[in-house]
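In our numbering, the protein residues as written are 417 to 827.
Notes to accompany the following structure.
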Amino acid sequence: MQFVLRALAINNNPTIHSLILVHILRDLGLPWQICKFFYNLTCSRSVYFNVGGVIQGPFETLKGVPQGCCTSPVAYNIYTHKLPNHIDPDCQYLCFADDVALFVSSPDLNFCTTVLQNSLITIASYFDSLGLSIAPEKTQLITFSRKQTDTSEVTLTFGDTIIHSIPQVKLLGVTFDSKLSWTPHYQSLIQKGTRYTNLIRSLCGTWWGGNPQSLIQTLREKLGVTQRRALRSCLGLRRSTPNRIVYAESCELPVSLRPKKLAMQFVLRALAINNNPTIHSLESLLTLLRNRNILNLLELLILRAYARLKKHRSKIHSSDVLPCYTYSLESQSLLSKIIISKGQKIKSSPNPPRKFSLLFRDLLTSSIAFYANGSKSSEGSYVGIGIYCPDLDLNLRYRIFSYALLPRPKP
């Protein structure tokens with residue numbers, strides 16, 4: 417029997433103070449230029465407000481981070497980087513932006529309550545020192561237990577507010593219930609999918625109905641029967657159309673396969689980064705399950721995906737940083753030069769194909785042309801890639817793994 421309590425503490429309008437942030441950056445050893453950049457970013461900014469359709473301002477603000485700025489999450493994470501030091505060692509935590517989730521696992525319910533209460537008090541004191549505050553009215557508490565035990569009396573105290581245990585909470589779009597049956601989450605998805613289906617039926621019932629591919633975009637992540645009913649409406653198929661034809665015509669994955677695909681993608685991204693803590697956790701859990709011969713838990717999609725991809729780990733490129741950060745910014749931000757005048761000449765020409773050929777021939781005289789193509793072998797054992805450049809007398813041929821993806825290779 418195991419009790420787990422989760423307290424979801426949401427900061428109320430988190431505001432970063434510029435001077436405190438600069439002192440934290442200096443203590444971390446960052447150069448003064450970076451400290452000055454963040455100071456100018458968060459201090460003495462002009463803001464405008466849209467009130468009833470009327471722009472009011474400018475107003476000067478001396479604290480806070482720009483909303484929507486790519487550096488704001490980084491600044492907030494640095495600002496609160498000492499949060500783990502103020503959490504009880506028996507308590508674990510998860511952070512997403514300014515949301516903090518605390519959870520404790522133990523057979524002793526009183527122990528869980530005490531650990532969470534102590535952590536909540538120390539975190540509130542730490543946030544006060546940073547000029548931040550916790551919104552007690554938004555803080556939720558839930559007890560996970562499969563045992564028939566009344567946990568409605570479990571409470572936490574924050575100031576003058578008493579936080580009661582509730583049967584379900586919604587965290588990052590997922591509804592957790594106290595029995596972990598996932599029934600409330602599935603019910604919400606089915607209800608949401610039914611609303612979309614009714615909308616699609618009304619759109620497809622008119623002569624000006626929307627494009628089928630645009631309508632299919634509204635169906636993603638729906639469930640079972642709801643998904644197939646909506647796909648039939650999008651494509652104008654009869655209710656008796658077999659399911660396999662519905663999926664083939666719509667090019668959509670069944671609901672049963674989509675979670676497997678997402679699990680494989682998640683594990684693959686984790687394997688691409690060296691020393692990823694997610695991989696260490698999955699490996700430890702997989703070893704534990706095998707040692708205890710609890711193989712039925714391998715039905716967990718994330719573990720099954722890791723078990724399948726683990727044997728291909730040597731073939732998966734991994735590095736300390738994401739691949740996009742291993743190259744210079746200039747190499748990834750090529751600005752294409754578009755010559756509009758030539759396009760106008762082709763459009764106004766009595767023979768557009770011939771005009772295009774002449775202009776393209778002139779372009780080749782001052783450029784170096786590379787031709788590339790790729791395809792899988794007939795037996796599917798490998799993928800072939802060819803690169804040809806007549807100006808440099810270059811002719812390259814490569815073979816890569818058969819599971820490589822080549823979406824429409826063109827010369």
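Every residue gets a Cβ at the ideal spot worked out from N, C-alpha and C, and that includes glycine.
Nonlocal neighbours in the same chain, by C-beta distance under 7 Å from residue i, ignoring five residues either side
| i | result |
| --- | --- |
| R706 | none |
| K595 | R562 |
| S460 | E476 and L478 |
| G480 | T431, I432 and T458 |
| L591 | In the sequence under discussion, the amino acid at residue 591 is Thr, which differs from the Leu named in the question. Within the same chain, T591 has close Cβ partners Q584, P600, H601 and S604. |
| S765 | K771 |
Nonlocal neighbours in the same chain, by C-beta distance under 8 Å from residue i, ignoring five residues either side
| i | result |
| --- | --- |
| T599 | D593 |
| F465 | I471, Q472, G473 and F475 |
| L738 | A688 and I689 |
Option in the options with minimal Cα separation from residue i
| i | options | result |
| --- | --- | --- |
| A491 | Q760, D524, I436 and R815 | I436 |
| R729 | A686, P523, L651 and S747 | A686 |
| S791 | I784, G802, S783 and T781 | G802 |
| P675 | R645, L716, C667 and L774 | L716 |
| R815 | P806, L808 and G800 | G800 |
| G409 | L457, G473 and P505 | Here the chain covers residues 417 to 827 and nothing more, so residue 409 does not appear. |
| D807 | H439, S783, L446 and S649 | S783 |
| V516 | H502, S747 and T781 | H502 |
| Y741 | A540, P482, A688 and F776 | A688 |
| S666 | M680, Q681, S656 and Q643 | Q643 |
| N526 | Y798, T559 and V481 | T559 |
| I494 | G469, I537 and H433 | H433 |
| Y663 | G640, A679 and Q681 | G640 |
| G759 | L698, F776 and T571 | F776 |
| M680 | I718, P670, S765 and S700 | I718 |
| R581 | L557, I440 and Y455 | It is Ser, not Arg, that sits at residue 581 in the sequence shown. When each option's Cα is compared against that of S581, the closest is L557. |
| D576 | S597, E553 and S747 | E553 |
| I539 | T567, S568 and P500 | P500 |
The beta strand (DSSP E) enclosing residue i, as first and last residue numbers
| i | result |
| --- | --- |
| V671 | Neither: V671 is in no beta strand (DSSP E) and is coded neither H nor E. |
| A646 | Looking at the DSSP string, A646 is not in any beta strand (DSSP E); the run it does join, the alpha helix (DSSP H), is G640 to L651. |
| H580 | T577 to H580 |
| K498 | Run containing K498: none; DSSP gives neither H nor E here. |
| K586 | Q584 to L587 |
| D593 | V590 to D593 |
| T567 | First-last for T567: undefined, no H or E at that position. |
| L716 | It is not in any beta strand (DSSP E) - L716 carries neither H nor E in the DSSP assignment. |
| T559 | Q556 to F560 |
Same chain, Cβ closer than 6 Å to residue i, neighbours up to 5 away in sequence not counted
| i | result |
| --- | --- |
| V683 | A721, Y722 and L725 |
| I695 | A686 |
| F786 | C805 |
| D504 | V531, N534 and S535 |
Bridge partners - residue i, DSSP secondary structure assignment
| i | result |
| --- | --- |
| E476 | S462 |
| G802 | N789 and R813 |
| L572 | I579 |
| H502 | Paired residues: none, contrary to the question. |
| I689 | S735 |
| S765 | Looking at the DSSP assignment, S765 forms no beta bridge with any residue, so it has no partner. |
| V470 | V467 |
Cα-Cα separation, residue i to residue j
| i | j | result |
| --- | --- | --- |
| N692 | I754 | 42 Å |
| L647 | I550 | 45 Å |
| P583 | Q564 | 13 Å |
| T555 | I579 | 7 Å |
| C451 | N659 | 59 Å |
| L546 | Y509 | 19 Å |
| W448 | V438 | 9 Å |
| G626 | L653 | Annotation note: pLDDT 48 at G626 (below 50); position unreliable, coordinate value reported separately. Going by the C-alpha atoms only, they are around 15 Å apart. |
| L704 | P523 | 20 Å |
| T496 | D443 | 13 Å |
| A788 | R655 | 45 Å |
| S488 | P482 | 7 Å |
| K763 | K586 | 56 Å |
| C486 | L548 | 21 Å |
| D736 | Y743 | 13 Å |
| D649 | S672 | Just to set this straight, residue 649 is Ser in the shown sequence, not Asp. Each residue's alpha carbon lies about 20 Å from the other. |
| P827 | D778 | For P827, the pLDDT reaches just 40, beneath the cut-off of 50, and the residue's location in the model is therefore unreliable, leaving the point undetermined. |
Segment limits, alpha helix (DSSP H) that includes residue i
| i | result |
| --- | --- |
| T529 | L525 to S545 |
| D736 | Taken as a continuous stretch (DSSP letters only), D736 belongs to no alpha helix (DSSP H), as it is neither H nor E. |
| T487 | No alpha helix (DSSP H) contains T487, which DSSP labels as neither H nor E. |
| I755 | Taken as a continuous stretch (DSSP letters only), I755 belongs to no alpha helix (DSSP H), as it is neither H nor E. |
| K771 | P768 to T781 |
| V438 | S434 to D443 |
Contact test: residue i Cβ vs the ligand GDP heavy atom, cutoff 7 Å
| i | result |
| --- | --- |
| T496 | What this structure holds is no ligand at all, so the ligand GDP is not there to describe. |
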